[in-house]
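Notes for the one structure printed next.
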Amino acid sequence: MSEHGTEKMPLSSTMAHLYGYIYCMLLSNILTGIPLFGGALYLCGRGVIVFSGILQKKNRKYLPNAGKWWIGIEAVALFALSILLIGLFPTTFESTGLWVLYAAVALCLLADANTRRILKLTGGKDASRRTRIVGIILQGMIIIAMSVILIASLGPWPGWPMSGGFALLVLIRAYALYQMDVRSADERKPSDTTDMRSIQAYQSFEWISLSLIAGIELLTAVMYALLATQTEWLLPAMAVAIGCTLVFAEGAMIFLRRSRNPNRRNPTWLLLIGLAMCTGGAVLCGWMLGRGIVDYVRMYLCLGLCSAGGAMSLTGLYYIEQMMPGVARLMGGTVDTDYTRMRQSNIELARLLGDTLALVALTIFCFAGKADLPRSWDQLCARYQPVMIVMILIVSVGALLSIFHFPFSARYIEKLRKFLHQQEAGEENPALKRQLENAARGQVHQPFLTRFLVSILKIGFKYTLRDEDHIVQDDSNPILFLGNHLEVLGPILCTLWFPVHVRFWSISQMMGDKEKVCDYVYTNTFGKVSWLPDFAARLVSRFIGWLSVNVMSQLECIPVYRDSPMKLRETVRISIEALEAGDNLMIFPESPDQKYELQGIGKLSPGFVMLATAYWKKAGKRLRMLPVYISKAEKTIQFGTIFVFNPDNPYADEQKRIIDETERQIFAMAGIEPDTEEAANA
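Take 540 as the starting number for the sequence shown in my numbering and just add one per residue.
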């Protein structure tokens, strides 16, 4: 049914049909003088083939619910466009080569369908040698039939070159489909599996795949349709597109595989960057056409941007798709035949959507100009239809919204990989499993807002890290960092510059319900500002409250309930779960009852020591602790040395030892002599 397999990178799927599309436009230019007409016919025929495949009984049930509505709308659009292109449009001009073009496009589509059938039979268990030979003979007959038609209609020149081009097209198409592994999904043994569409992570991935592939299909078709105005541009343009696609796809894959920092191996950033490049190329192209400044260099630049962006986006999509079997295993299932067909249905639906939108654009262009289609740069600019770019922008916005809803960040992708490795080794980590399941269900959001704010704030807060080599990571026993608060500056600077991921303890009043947080901010801060009008104070409070809730959620902060000892147990429970899942914690243990010190550290609240005791009782591990000192004067963040909880000591003695050691290290990093400590705390 599909041109796609889940094992292969979807990059070839975008380029695979492009050769036939360009070939039909070149042939249409020779036969009718209208290259766009041949491209539109090819898209129309291809859409009908894909549509008929999706509607087969064995495939319909794998469509997403929203996809079933889309199929109905696309069916009506495809039928109307077919009538216009095949029935009405040819009556507007006279061309003796029109029927030859119809036959040639039909043979192109037939050769493509036969190639896919041959490759499916080659991989099938029950395919006899005779059946495969018959398919290959049929392919040869199609090539001969095309050659006879072209030579009889066009003469030896350009009949022979175009015949050779068709044979080459068939070989390239066969290779592209072979790379994509188009063997039937029926060959895979079914197994018990969870319903992937009930998982939020997969739902988001499906929407990303649908909108992204549809957008690239639309963008590719429109760009080549514009380039077809000057047919001598097409082959160099194809070389530019393939070159940019291969270079950027390989570069993106190398980056994802070899980046030393796991947090940078985030496929969603590739999706966003690639989508921005595609949209930028389309907008730049529309801007140039609207102002009449078009030449082959500028058009190739736009095409290069779109091709490179599409390659990066598809690479990110491929990287995410490689995660989905792991997500299925996490949620108690496996990838089987049903999953494969479900993915194929989604991709085919995306291809059909993109081709239908492209067909709409080409049909408008054809009817707007009738037979007198643009044949020069000036005519191209005069006939340019903004609807082409508008449709691309709409699809791009849909893809952008889908990307923002994908829950797995680079950190969670790395956690998933580690969990699966542990599972294969026979190890169990229930805390990590629960954490990943929550992410798969969409209860965790990617920190897009936080990263945006961090990138801005880093410009104004330039701090240097000292002794960061003292941080010795251990996934089985994370670190509890203990730092000076430095008013609000401490948490902000640790968020901006910390070299490892940490989860902060944060007061519960700044987390949770947005309305309560807004009221808290207004009551305790902006409502007390006398010079600020009440409406402005409430407006600012609402913004700060909204910002706080979202940032705290994205940072996965742990709420601290200061006014409720019973609820404080929940803080300890969540913290232990985080430690067992491999998360480092960051606590600012200075007592909130007094003003925070600007140098050194104030009096420490001893309550955090209960976390070390509870962690020992629950996990049987000695909690590692590392003091951190933030210096506003020197603009540095310095790390002390790790010390370990000792469960053999009486609790009161161990509590005093931990507090004394934390204070000693922070005062030493602050350069405060022991005899000046009381003055520093005054």
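Backbone N, C-alpha and C define an ideal beta-carbon position, used for all residues, glycine too.
Under the criterion of beta carbons closer than 8 Å, PHE1178 and LEU1162 do not qualify as touching, at roughly 17 Å. With a contact defined as Cβ atoms closer than 8 Å, ALA614 and PHE947 miss out at about 34 Å. Around the beta-carbon of ASP1192, fewer than 16 other beta-carbon atoms lie within 10 Å, marking it exposed. Its chain contains ALA740 and ALA979 as the residues whose beta carbon lies nearer than 6 Å to that of VAL866, once the 5 sequence neighbours on both sides are disregarded; these appear in chain order. With fewer than 16 other Cβ atoms inside 10 Å of its own Cβ, ALA778 counts as exposed.
As for any alpha helix (DSSP H) of minimum length 4 sitting wholly inside the region 829-904, the runs are 835-869, ordered along the chain.
Residue pairing of TYR1168 in beta bridges, as defined by DSSP: GLN1177. Assigned with DSSP and collapsed to three states, LEU594 falls in coil, not helix or strand. Its Cα nearest to that of LEU1118, the residue LYS972 stands out among LYS972, ARG585, LEU896 and LEU823. TRP808 is the residue among LEU637, TRP808, GLY843 and LEU1107 whose C-alpha sits nearest the C-alpha of THR854.
Secondary-structure assignment with DSSP links GLY1022 through a beta bridge to VAL1167.
Per DSSP, MET1125 is one residue of the beta strand (DSSP E) stretching across 1123-1126. Taking C-beta atoms as the reference points, VAL1079 and ILE1046 fail to come closer than 8 Å. Of LEU749, LEU1137, THR1110 and THR1175, the smallest CA-CA separation from LEU940 is found for LEU749. Around the C-beta of TYR1190, fewer than 16 other C-beta atoms lie within 10 Å, and the residue is accordingly described as exposed. Sequence-distant partners of TRP746 (beyond 5 residues in either direction) whose C-beta falls short of 7 Å from its own C-beta, in its chain, are SER941. When C-beta atoms of the region 579-597 are compared with those of the region 881-890, three or more pairs fall below 8 Å, so the two segments count as touching.
Comparing alpha carbon positions, the residue from ALA652, HIS1040 and ILE859 closest to ARG956 is ILE859. The shortest CA-to-CA distance from PHE945 to any of LEU856, THR895, LEU1025 and PRO1030 is the one to LEU856.
Counting the other Cβ atoms within 10 Å of the Cβ of GLU1129 gives 16 or more, which makes it buried.
Apart from the 5 residues on each side of it in sequence, ALA753 sits with its Cβ closer than 8 Å to the Cβ of ALA889, ARG890, LEU892, GLY893, LEU896 and VAL934 in its chain, given in chain order. By the CB criterion at 8 Å, MET1125 and PHE1000 fall outside the cutoff. Boundaries of the beta strand (DSSP E) harbouring PRO1098: 1097-1099, taken from the DSSP string. In the three-state DSSP reduction, GLU967 falls in the coil class, being neither helix nor strand.
Put simply, of LEU751, ARG736 and VAL761 the residue whose alpha carbon is nearest the alpha carbon of ILE561 is VAL761. Only residues of its own chain outside the window of five on either side were considered, and among them LEU751, LEU810, GLY813 and LEU814 have a CB closer than 6 Å to the CB of SER852, listed in chain order. Taking a cut-off of 8 Å on C-beta distances, the region 991-1010 touches the region 1025-1045, as three or more cross pairs fall below it.
Apart from sequence neighbours up to five positions away, the residues of its chain that approach ALA900 with a beta-carbon distance below 8 Å are LEU757, ALA760, VAL761, ALA764, GLN924, VAL926, MET927 and MET930, ordered along the chain. In this structure, DSSP gives VAL1041 an extended state, which the three-state scheme calls strand. For ARG980, the three-state secondary structure derived from DSSP is coil. At the C-beta level, ARG868 and LEU959 come within 8 Å of one another. The DSSP-derived three-state label of PHE1000 is coil. Remark: C-beta atoms of ALA847 and MET816 approach each other more closely than 8 Å. Put simply, of VAL822, TRP1070 and ALA642 the residue whose alpha carbon is nearest the alpha carbon of SER692 is ALA642. Distance between LEU766 and ALA776, taken at the CA atoms: about 8 Å. For GLY572, there is no enclosing alpha helix (DSSP H), since its DSSP letter is neither H nor E.
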